[in-house]
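*Asks:* Here the protein sequences line up with chains C and W, keeping their order.
Residue 14 in numbering that gives the first Met the number 0 sits at position 15 of the first sequence, with consecutive numbering throughout.
Residue 1 in numbering that gives the first Met the number 0 sits at position 2 of the second sequence, with consecutive numbering throughout.
Where is the CB? At the ideal position from N, CA and C, for every residue including glycine.
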Amino acid sequence: MKQILDITGMVLMLIGGIFLFLGGLGIFRMPDTYNRLQAGTKATTLGGMSVILSVGFLEPGWMIKTLVLVIFIALSNPISSHALARANYKRKNYPYLKGGKEYDKYREVYQKEEEEAI
Amino acid sequence: MVQIIIYITLGFMFTGILFSALRFVLGPTAADRTVALDTLTTIAMAFLVLLSLVFKRYIYIDIALVYGVLGFIGVLVIARYLEGAL
Chain C
0 MKQILDITGM VLMLIGGIFL FLGGLGIFRM PDTYNRLQAG TKATTLGGMS VILSVGFLEP
60 GWMIKTLVLV IFIALSNPIS SHALARANYK RKNYPYLKGG KEYDKYREVY QKEEEEAI
Chain W
0 MVQIIIYITL GFMFTGILFS ALRFVLGPTA ADRTVALDTL TTIAMAFLVL LSLVFKRYIY
60 IDIALVYGVL GFIGVLVIAR YLEGAL
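1) Which residue from Phe11(W), Ala45(W) and Ser19(W) puts its Cα closest to that of Glu66(W)?
2) Out of curiosity, what's the CA-to-CA distance linking Thr44(C) and Ile16(W)?
3) Within 8 Å (strictly less), CB to CB, does Asp103(C) reach chain W?
4) Just the Cα atoms here: how many angstroms apart are Asn92(C) and Ala42(C)?
5) Give a yes or no on whether the C-beta atoms belonging to Leu49(W) and Val50(C) are separated by under 8 Å.
6) When the Cβ atoms of the region 50 to 61 of chain W are set against those of the region 30 to 40 of chain C, are three or more pairs found closer than 8 Å?
7) Output the boundary residues of the alpha helix (DSSP H) element that contains Pro77(C).
8) Would you mind telling me which residues of chain W sit closer than 9 Å to Leu96(C), beta carbon to beta carbon, in chain order?
9) With the cut-off set at 8 Å, would you say Phe11(W) and Leu57(C) are in Cβ contact?
10) Under 7 Å Cβ to Cβ from Gly55(C), same chain only, skipping five residues before and after it: list those, please.
11) Buried or exposed: where does Leu81(W) fall if 16 or more other Cβ atoms within 10 Å of its Cβ makes it buried?
12) Rounding to the nearest angstrom, what Cα-Cα distance links Ile88(W) and Leu69(W) in this structure?
13) Mind pulling the chain C residues with CB within less than 7 Å of Tyr57(W)?
14) Just verifying my parser: in three-state terms, what is the DSSP assignment at Ala84(W)?
15) Mapping DSSP to helix, strand and coil, what is Gly26(W)?
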């Protein structure tokens with residue numbers, strides 16, 4: 000039983016470390032703020048959850064507190080990335096799209112909202 | 000066996016911290032720096048939890064939780080400020 004828990008923890012830990020490394024690499028290499036947000040937040044969420052859960056598997060007495068941390072990461076990380084993307088859009092840094100303006104579905108709604116606010 | 004895996008994972012996470020810290024220094028706009036700060040917070044949380052396994056200290060998990068809460072609130076406040084509503 001101890002061996003099964005150890006092997007599960009080690010596999011989860013390696014997966015999490017690789018995903019955290021890929022998150023850092025993506026945030027360094029991507030060309031645009033929205034691409035950086037995409038690469039940095041989602042890969043980091045999976046990697047952090049998996050590393051923290053692997054510590055819970057390797058030390059079964061600490062399982063409850065690591066589960067609290069995992070739930071906190073799963074709740075907080077998408078909220079902060081959503082707030083950052085919205086703030087960046089409101090500063091008029093529009094995403095670069097190859098097809099032109101008509102692929103940006105949010106811009107019409109946003110301009111209508113702004114006209115109503117004035 | 001567990002020790003080797005732990006050290007390999009610490010090396011991966013340290014490389015990730017290095018890359019996002021580089022983006023935090025170089026980033027052209029303020030939003031890029033804030034994205035890098037968000038990533039740094041999450042990687043540092045996982046790093047602290049793994050260090051609690053290396054040193055066998057239970058209290059480091061609490062420190063990771065408090066650090067995560069403070070980083071989350073900080074990123075939300077900076078995003079609100081960039082939006083122009085603060």
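*Replies:* Taking the definition as stated:
1) The residue labelled residue 66(W) in the question sits at position 67 within the second sequence. The sequence given here has Tyr at residue 66(W), not Glu. When the alpha-carbon of Tyr66(W) is set against those of Phe11(W), Ala45(W) and Ser19(W), the nearest one is in Ala45(W).
2) Taking the first sequence and counting its residues from 1, one reaches residue 44(C) at position 45. Taking the second sequence and counting its residues from 1, one reaches residue 16(W) at position 17. Going from the Cα of Thr44(C) to the Cα of Ile16(W) covers about 15 Å.
3) The residue you call residue 103(C) lines up with position 104 of the first sequence. Chain W, which has no Cβ nearer than 8 Å to the Cβ of Asp103(C), makes this no.
4) Taking the first sequence and counting its residues from 1, the one referred to as residue 92(C) is at position 93. Taking the first sequence and counting its residues from 1, the one referred to as residue 42(C) is at position 43. Approximately 24 Å between the Cα atoms of the pair.
5) Counting from 1 along the second sequence, the entry for residue 49(W) is found at position 50. Counting from 1 along the first sequence, the entry for residue 50(C) is found at position 51. Yes, the pair counts as a contact, with Cβ atoms nearer than the cut-off.
6) No: the two stretches stay apart, fewer than three of their Cβ pairs being nearer than 8 Å.
7) Here residue 77(C) refers to the residue found at position 78 of the first sequence. Run containing Pro77(C): Met62 to Lys89, per the alpha helix (DSSP H) assignment.
8) Translated into the one-based positions of the first sequence, residue 96(C) becomes position 97. Going along chain W, no residue has its Cβ under 9 Å from Leu96(C), so there is no contact; the nearest lies around 18 Å.
9) For this step, residue 11(W) is matched to residue 12 along the second sequence. For this step, residue 57(C) is matched to residue 58 along the first sequence. No, they are not a contact pair.
10) The sequence position of residue 55(C) within the first sequence is 56, counting from 1. So the list reads Trp61, Met62, Thr65 and Leu66, once near-sequence residues are dropped.
11) The count along the second sequence starts at 1 and reaches residue 81(W) at position 82. Around the beta carbon of Leu81(W), a 10 Å sphere encloses 16 or more other beta carbons of the protein chains shown; the residue is thus reported as buried.
12) This structure gives no information on residue 88(W), because the portion of chain W shown stretches from 0 to 85.
13) Taking the first residue of the second sequence as position 1, residue 57(W) is located at position 58. Near Tyr57(W) (Cβ distances below 7 Å), the residues of chain C are Trp61.
14) Position 85 of the second sequence, counted from the start, is the residue given in the question as residue 84(W). Coil.
15) Position 27 of the second sequence, counted from the start, is the residue given in the question as residue 26(W). Of the three classes helix, strand and coil, the one that applies to Gly26(W) here is coil, per DSSP.
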